[in-house]
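Positions -6 to 145 (my numbering) are the ones given, in order, by the sequence shown.
Virtual Cβ for every residue (Gly too), placed ideally from N, Cα, C.
Following: one structure in structure tokens, then a few remarks.
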Amino acid sequence: MKGESRSTRMKALLQVTIVVFLHLIIIYLLGMKTGKLEVEVVKQMFIMYAAPIILLNVSCKIALKTEKLRYNISWLVISIVPSTRILFYLKELQGKESRGSGVVDLSFFDIKPDFDQISLIYLFPIIYLGIQLVLIFLLLIMIVTKEKSIAD
């Protein structure tokens, strides 16, 4: 953190904010909801989305530190396209969820889970966390192999 320039931190914060708002706009346009926004639900959402957003910021800073446009564009595309497709898929599942029993039949327990809440509070952040971990790993590999080829 000490070695980061202020402009890199500000650019990363701006880009992360844009990606987060873009996801919120997509969620709004798809009509996805988390059910009732009670205090516990908001706390769960904060806990579940903290790690993906931190990793999003880290991957953005890695891409910005290279000072190469292609790394920044790669970061942007990988941060938006797969997660947007996942949101469309989760919306698709929400419509199909009410037709029959899912993978686990909960009718025995007399429980009807709120799939909207499960998908946006648990599934999406976990999947997005995985995307960001893979992205960080790929960016580091790209940077190390580029530096190694320059050194040779």
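For a cut-off of 8 Å, the C-beta gap from Thr1 to Lys58 is around 6 Å, short enough to register as a contact.
In this structure, the beta-carbon distance from Met25 to Ile114 does not fall below 8 Å.
For Thr138, the three-state secondary structure derived from DSSP is helix. CA-CA distance, Ile55 to Ile136, rounds to 9 Å.
Look at Thr1 here: in three-state DSSP terms it is helix. Take the alpha-carbon of Pro75 and the one of Ile124: they are about 8 Å apart. Rounded to the nearest angstrom, the gap between the Cα atoms of Ile47 and Leu132 is 16 Å.
In the structure shown, Leu30 falls within a coil segment according to DSSP collapsed to helix, strand and coil. Collapsing the DSSP output to three states places Met25 in coil.
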